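The block underneath contains the structure these notes are about, expressed in C-alpha cells.
There are 2 protein chains.
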Amino acid sequence: MQLLKDRIKKDGKIRSGNVLKVDSFLNHQMDIELFGEIGKEFKKRFEGSDITKILTIEASGIGIACITAQQFSVPVVFAKKNQTKNIAGDIYTSKVESFTHGRVYDIIVAKEFLSANDKVLIIDDFLANGSALLGLAKLVTDAGAKLVGAGIVIEKGFQEGGELVRSNGVRVESLAIIDSMSEENGVTFR
Amino acid sequence: MQLLKDRIKKDGKIRSGNVLKVDSFLNHQMDIELFGEIGKEFKKRFEGSDITKILTIEASGIGIACITAQQFSVPVVFAKKNQTKNIAGDIYTSKVESFTHGRVYDIIVAKEFLSANDKVLIIDDFLANGSALLGLAKLVTDAGAKLVGAGIVIEKGFQEGGELVRSNGVRVESLAIIDSMSEENGVTFR
C-alpha cells in the first residue's frame with residue numbers, strides 16, 4: 318500500500334534494537350484518515366470472504382480494527398492482556414511473548430464473543446516475531462471458528478513471524494513489509 | 318441518547334460492586350454501528366467547538382475515540398498506561414486510580430502530540446470516580462492546550478466523578494447517566 322509506505326518513509330523513526338517508531342500516525346497518535354484508507358485496503362484484500370467478526374488485541378490494534386470493521390459491517394472483539402474483575406467465567410486464553418516489552422503474558426477473550434459460527438479476520442498493527450498473531454489465531458481455533466486470515470499494517474519481514482504464521486496455513490495480508498531497516502539507510506520495503 | 322440507553326437496558330449486566338458489564342457491545346466486543354451513532358451524537362454536542370485533537374486512554378476508549386474522530390476530522394491520541402521502550406524522552410504524565418482494577422497507575426502522552434495550539438476533546442467509555450478523566454485533563458493543561466470538554470459514553474451518576482470533574486470547570490457530556498442500578502431493579506437513568 319503505497320500511501321502507507323510513503324508515510325512510514327516520511328514519519329517513521331528507526332531506533333536501535335530494530336524498533337520502528339510510528340507513533341506519530343499509527344500507535345500513539347492515530348491518523349484516522351489514513352486508518353480509513355487502511356480499512357478500505359483490507360476490505361479489498363479480503364473481499365468476498367464473508368467475515369462475521371474482527372479480532373484484535375489491545376491496545377494499538379483497536380483503532381485500526383474498528384475503522385476496518387466499518388468496511389465489513391461486523392463487530393470487533395479485542396483480546397485483553399490481563400484478566401480484570403469485569404471478565405469472569407468462561408474464557409479462551411493463550412500466551413503471547415511481547416517483542417516490545419520483553420515478557421510473556423496471557424491474552425483472553427470471553428467465550429460468548431467467539432463461536433463456531435464465526436468467520437474471523439484478525440487485524441493488528443505489527444507482525445514481528447508472530448507471537449501475538451499466533452496467540453490470537455489459537456483463540457479463534459479454540460472457539461471452533463474459521464480463521465479467514467490476518468490483516469497486518471506493518472510486517473517486519475526480517476523477523477521470523479511472517480514465515481512462521483504463513484507456514485501454519487494462515488493467510489496473512491501485510492500492507493507494508495519491511496525487508497531491512499537501519500538508522501543509516503532507512504527502511505527498505507519488499 | 319435513547320439508542321444507547323435502550324442498549325444498556327437490553328444487554329447491560331449488573332454485577333456486585335456496582336459493576337455494569339457492557340462488554341457485549343462497548344468494551345470487549347464492540348458494536349461499530351452503535352459507535353457510529355455515538356460519534357455523531359458527540360459531534361452534535363460539541364458542534365462548533367473547533368476541536369483539533371481527541372484524547373483518550375487505552376484500551377476501551379480507543380475504538381469510540383477513533384470512530385468519533387471521523388466526525389471531527391482530527392487525529393486521536395491515546396494515553397498509555399505503562400511506559401514502554403518505544404516511548405522515550407519527553408512525556409506528560411499523571412496518576413490515575415482504577416475503579417476496575419483497584420490500583421494506581423501512571424498514564425503518559427508524548428509531548429510532541431499535545432501542544433499549546435491544541436483544542437482537545439477527551440473521549441472515554443466510562444466516568445465513575447473521575448480519576449481517569451482528571452488525569453487526562455491534567456495532561457491537556459500541562460501541555461498548555463485548551464480542554465474543550467469530555468464526551469463520555471456511560472456516566473455512573475451515583476459516583477462522585479461527574480460532580481468532581483464538572484466542579485473543576487470541565488464541560489462533560491455523558492450520553493447515558495445512570496442514577497442507580499441493582500441486580501433486582503436494573504438500571505435507572507437520570
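Chains as they are written, first to last, in this note's numbering: chain A, 318 to 507; chain B, 318 to 507.
Glycine is no exception: its CB is placed at the ideal position from the N, C-alpha and C atoms.
Being a predicted model, the structure only gives us computed values, none of them experimental.
Quiz prompt | Contact check, ALA460 (chain A) vs VAL426 (chain A), beta carbons under 9 Å | solution = As a working mapping, residue 460 (chain A) is identified with position 143 in the first sequence. As a working mapping, residue 426 (chain A) is identified with position 109 in the first sequence. The answer is yes: Cβ separation under 9 Å.
Quiz prompt | Neighbour-count burial assignment, ARG324 (chain B), 16 or more Cβ in a 10 Å radius | solution = Within the second sequence, the letter at position 7 stands for residue 324 (chain B). Per the 10 Å Cβ criterion, buried.
Practice problem: Would you check if the distance between the CB atom of ILE408 (chain B) and the CB atom of PRO392 (chain A) is smaller than 9 Å? | Solution: One-based indexing of the second sequence puts residue 408 (chain B) at position 91. One-based indexing of the first sequence puts residue 392 (chain A) at position 75. In terms of Cβ geometry, ILE408 (chain B) and PRO392 (chain A) do not form a close pair [threshold 9 Å].
Quiz item: Taking Cβ to Cβ, would you say GLU441 (chain B) is nearer than 9 Å to GLY474 (chain B)?
Solution: For the purposes of this step, residue 441 (chain B) is taken as the residue at position 124 of the second sequence. For the purposes of this step, residue 474 (chain B) is taken as the residue at position 157 of the second sequence. Note that residue 441 (chain B) is Asp in the sequence shown, not Glu. ASP441 (chain B) is not a Cβ neighbour of GLY474 (chain B), given a cutoff of 9 Å.
Self-check item: Bridge partners - ASP423 (chain B), DSSP secondary structure assignment
Solution: The sequence position of residue 423 (chain B) within the second sequence is 106, counting from 1. B:LYS412.
Quiz item: What three-state label does DSSP hand ARG332 (chain B) in the structure shown?
Solution: Walking along the second sequence from the start, residue 332 (chain B) turns up at place 15. Here ARG332 (chain B) sits in strand by DSSP.
Exercise. Determine the direct distance from the alpha carbon of GLU477 (chain A) to that of LEU450 (chain A), and round the result to whole angstroms.
Key: On the first sequence, position 133 is the one that residue 450 (chain A) refers to. On the first sequence, position 160 is the one that residue 477 (chain A) refers to. Computed Cα separation, rounded: 12 Å.
Self-check item: Contact set between ALA386 (chain B) and chain A, taken where Cβ atoms lie within less than 7 Å
Solution: As a working note, residue 386 (chain B) is residue 69 in the second sequence. Scanning chain A for C-beta atoms nearer than 7 Å to the C-beta of ALA386 (chain B) yields ILE349, reported in chain order.
Exercise. Using only the heavy atoms of the ligand ZN, determine whether one of them is closer than 8 Å to the beta carbon of GLY329 (chain A).
Key: Because no ligand of any kind appears in the structure shown, any question about the ligand ZN cannot be addressed here.
Practice problem: Take SER499 (chain A) as the anchor and find which of A:LYS327, A:LEU320, A:GLN319 and A:VAL336 has the nearest alpha-carbon. | Solution: Translated into positions along the first sequence, residue 499 (chain A) becomes position 182. Its Cα nearest to that of SER499 (chain A), the residue A:VAL336 stands out among A:LYS327, A:LEU320, A:GLN319 and A:VAL336.
Self-check item: Test item: CB-CB of ILE368 (chain A) and VAL487 (chain A) under 9 Å
Solution: For the purposes of this step, residue 368 (chain A) is taken as residue 51 along the first sequence, with counting starting at 1. For the purposes of this step, residue 487 (chain A) is taken as residue 170 along the first sequence, with counting starting at 1. No, the pair does not count as a contact, with Cβ atoms beyond the cut-off.
Exercise. To the nearest angstrom, report how far apart LYS463 (chain B) and ARG420 (chain B) are at their CA atoms.
Key: In the second sequence, residue 463 (chain B) corresponds to position 146, counting from 1. In the second sequence, residue 420 (chain B) corresponds to position 103, counting from 1. Rounded to whole angstroms, LYS463 (chain B) to ARG420 (chain B) spans 29 Å at the Cα level.
Quiz prompt | Burial state of GLN346 (chain B) (16 or more Cβ within 10 Å) | solution = Position 29 of the second sequence, counted from the start, is the residue given in the question as residue 346 (chain B). That one is buried.
Exercise. With DSSP collapsed to three states, give me the class of GLU477 (chain A).
Key: Translated into positions along the first sequence, residue 477 (chain A) becomes position 160. The three-state reading of DSSP puts GLU477 (chain A) in coil, since its state is none of H, G, I, E or B.
Exercise. Starting from the C-beta of SER366 (chain B), find all residues in its chain whose C-beta is less than 6 Å away, skip the five residues before and the five after it, and write them out in chain order.
Key: Your numbering for residue 366 (chain B) matches position 49 in the second sequence. VAL465, listed in sequence order.
Quiz prompt | Among A:ASP328, A:GLY334 and A:GLN319, nearest to SER497 (chain A) - alpha-carbon criterion | solution = Locating residue 497 (chain A) in the first sequence gives position 180, where the first residue counts as 1. Out of A:ASP328, A:GLY334 and A:GLN319, A:GLY334 has the C-alpha closest to the C-alpha of SER497 (chain A).
Quiz prompt | Beta-carbon proximity list for ILE379 (chain A), same chain, < 8 Å, skipping 5 on both sides | solution = Mapped onto the first sequence, residue 379 (chain A) falls at position 62. Leaving aside the five residues that flank ILE379 (chain A) on each side, the residues in its chain whose CB is nearer than 8 Å to its CB run, in chain order, THR373, VAL393 and PHE395.
Self-check item: Under 9 Å (Cβ pairs) to chain B, residues found in the segment 340-367 of chain A
Solution: For the segment 340-367 of chain A, residues whose beta-carbon sits nearer than 9 Å to a beta-carbon of chain B comprise ASP340, SER341, PHE342, ASN344, HIS345, GLN346, MET347, ASP348, ILE349, GLU350, PHE352 and GLY353.
Exercise. Have a look at A:THR410, A:LYS428 and A:ALA445 and flag the residue whose alpha-carbon is nearest the alpha-carbon of HIS418 (chain A).
Key: Position 101 of the first sequence holds residue 418 (chain A). Ranking the options by Cα distance to HIS418 (chain A), first place goes to A:ALA445.
Quiz prompt | Chain-order list of residues whose beta-carbon lies under 8 Å from that of ILE371 (chain A) (same chain, five-residue window excluded) | solution = The residue you call residue 371 (chain A) lines up with position 54 of the first sequence. Excluding residues up to 5 positions away in sequence, ALA382, THR385, ALA386, PHE389, VAL391, PRO392, VAL393, VAL394, VAL437, LEU438, ILE439 and ILE440 lie with their Cβ nearer than 8 Å to the Cβ of ILE371 (chain A) in the same chain.
Quiz prompt | Opening and closing residue of the beta strand (DSSP E) in which SER497 (chain B) lies | solution = Looking up residue 497 (chain B) in the second sequence gives position 180. Unbroken beta strand (DSSP E) run through SER497 (chain B): 489-499.
Self-check item: Helix, strand or coil at LEU453 (chain B) [DSSP, three-state]
Solution: Working through the second sequence from its first residue, we reach residue 453 (chain B) at position 136. Helix at LEU453 (chain B).
Quiz item: Is the beta carbon of VAL470 (chain A) less than 9 Å from the beta carbon of SER491 (chain A)?
Solution: Translated into positions along the first sequence, residue 470 (chain A) becomes position 153. Translated into positions along the first sequence, residue 491 (chain A) becomes position 174. Taking 9 Å as the Cβ cut-off, VAL470 (chain A) and SER491 (chain A) qualify as a contacting pair.
Quiz prompt | Cross-chain neighbours of GLU375 (chain B) in chain A, by beta carbon under 9 Å | solution = Stepping through the second sequence from its first residue, residue 375 (chain B) is reached at position 58. Here the neighbours are GLU375, ALA376, SER377 and ILE379.
Self-check item: Start and end residues, beta strand (DSSP E) containing THR385 (chain B)
Solution: Within the second sequence, residue 385 (chain B) is the residue found at index 68, counting from 1. First-last for THR385 (chain B): 378-389, but that is the alpha helix (DSSP H), not the beta strand (DSSP E).
Self-check item: DSSP bridge partner residues for ALA467 (chain A) (one or two, in chain order)
Solution: Here the question's residue 467 (chain A) lines up with position 150 in the first sequence. BP columns for ALA467 (chain A) point to A:ILE439 and A:VAL489.
Exercise. Leaving out five residues on either side along the sequence, give the residues of the same chain with a beta carbon under 8 Å from the beta carbon of LYS326 (chain B).
Key: As a first step, residue 326 (chain B) must be located in the second sequence, where it is residue number 9. Correct list, in chain order: GLY503 and VAL504.
Exercise. Mind checking which residues open and close the alpha helix (DSSP H) that includes GLY353 (chain A)?
Key: Start at 1 with the first residue of the first sequence, and residue 353 (chain A) comes out as number 36. From DSSP, the alpha helix (DSSP H) with GLY353 (chain A) extends over 349-362.
Quiz item: Buried or exposed: which applies to GLU472 (chain B), given that a residue is buried once 16 or more other Cβ atoms fall within 10 Å of its Cβ?
Solution: Taking the second sequence and counting its residues from 1, the one referred to as residue 472 (chain B) is at position 155. A residue is called buried once 16 or more other Cβ atoms fall within 10 Å of its Cβ, and GLU472 (chain B) is buried on that count.
Quiz item: Per DSSP, LYS338 (chain A) is paired with what?
Solution: In the first sequence, counting from the first residue as 1, residue 338 (chain A) sits at position 21. Checking the DSSP bridge columns, you'll see LYS338 (chain A) partnered with A:LYS330.
Practice problem: Closer than 9 Å by beta-carbon distance: list the chain A residues that pair up with LYS397 (chain B), in chain order. | Solution: Locating residue 397 (chain B) in the second sequence gives position 80, counting from the first residue. Against chain A, the beta carbon of LYS397 (chain B) has neighbours under 9 Å at HIS345 and ALA376, listed in chain order.
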